[in-house]
Amino acid sequence: MQGTLKNVEMLKQVKVISLGGNELSGSVPDSISKLSSLQELDLGANMFSGTIPGEALSVLGKALLHLSLYGNNFTGSMPTSLGDLVNLKRLYLDSNELTGSLPRELERCALLEDLRLRDNALMGNLPEQYGMLENLRVLYLDSNELTGKLPQMFGALHHLEEISLYDNYLSGPLPQEWAALRNLKLLYLGGNGDLSGTLPVSWGTGLKSLQHLDLSNNNMHGPIPLDLTFLWDLETLRLRYNRFSGTIPSELGSMGKLKELTLEVRSAF
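Here is the structure:
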């Protein structure tokens, strides 16, 4: 289906708009603000352009639960007014051309469970305030231009199951506090280049649900802790292209669910 969005203000009682996977283009009209009953808006995988109509969407306030605008050509920064969507549970803005920093105002979306912003050009630090999104289960921020350290406060996201931050420019140590993420199944931190320090021993005893761990292409050093072999559900372990030293724990061979293990060493030259 092709064309633009027209006369949407006529749909005043509609609760769900699902138009994903078409060839719709143009901008999202401000008249979307007239749909006071709208709970789900899915315009993903189209050809929409322009900026995200933050002010118009914010009028939907408490009604909107799901907003999907992924896979379009949206530009500009993420509107801070997205923080007015206080009952939002899912926000998908991945695979656009968004720039600027991550808005701290999203901390007001206290019910947010799934936040996907991957594959944009977002920059700046990861807001510590996102550590207050206590219902968050999925956080995808990979393939952006994010910098700074991994926030210690993310260790308070006790419902978090998946976090992907690979292919950014993050630096500094791995937070000990993240060992408290006992429901975490997927942790991708590869391809940042300058995550450094040692692998926290506490991760091996704390991240009991972890199935996929990627720390490849960074600047980690020190030994591979024996406690890592206590992660019995681990299926993927990618540690290649770091500066780990010492011997490889033989106990890795007894991890019955492990299917992928990469340990190539970064060259010193």
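In terms of my numbering, the sequence shown opens at residue 1214 and continues consecutively. The C-beta atom is built at its ideal place from N, Cα and C for all residues, glycine as well. Keep in mind that this is a model prediction, so the values were computed, not measured.
When 1284, 1371 and 1270 are compared, the shortest CA-CA separation from residue 1278 is found for 1270. The straight-line gap separating the alpha-carbon atoms of residue 1456 and residue 1334 is approximately 29 Å. Less than 9 Å divides the Cβ of residue 1327 from the Cβ of residue 1305.
In the assembly as shown, residue 1249 is an exposed residue. Its beta-carbon has fewer than 16 other beta-carbons within 10 Å. Between the segment 1243 to 1262 and the segment 1289 to 1297, the count of C-beta pairs closer than 8 Å stays below three; the two stretches do not touch. Here the C-alpha atom of residue 1425 lies approximately 8 Å from the C-alpha atom of residue 1401. The DSSP-derived three-state label of residue 1317 is helix.
Beta-bridge partners of residue 1432 (DSSP): 1409.
Annotation: the continuous alpha helix (DSSP H) that includes residue 1414 extends over 1414 to 1419. DSSP, reduced to helix, strand and coil, places residue 1283 outside both helices and strands of the structure shown, so it counts as coil. Rounded to whole angstroms, the separation of the alpha carbons of residue 1274 and residue 1321 is 12 Å. Assignment of residue 1238 by DSSP, reduced to helix, strand and coil, places it in the strand class. Going by DSSP, residue 1361 is part of the beta strand (DSSP E) stretching over 1358 to 1361.
The segment 1367 to 1377 makes no contact with the segment 1409 to 1417, as fewer than three CB pairs between them are under 8 Å. Sequence-distant partners of residue 1391 (beyond 5 residues in either direction) whose C-beta falls short of 6 Å from its own C-beta, in its chain, are 1368.
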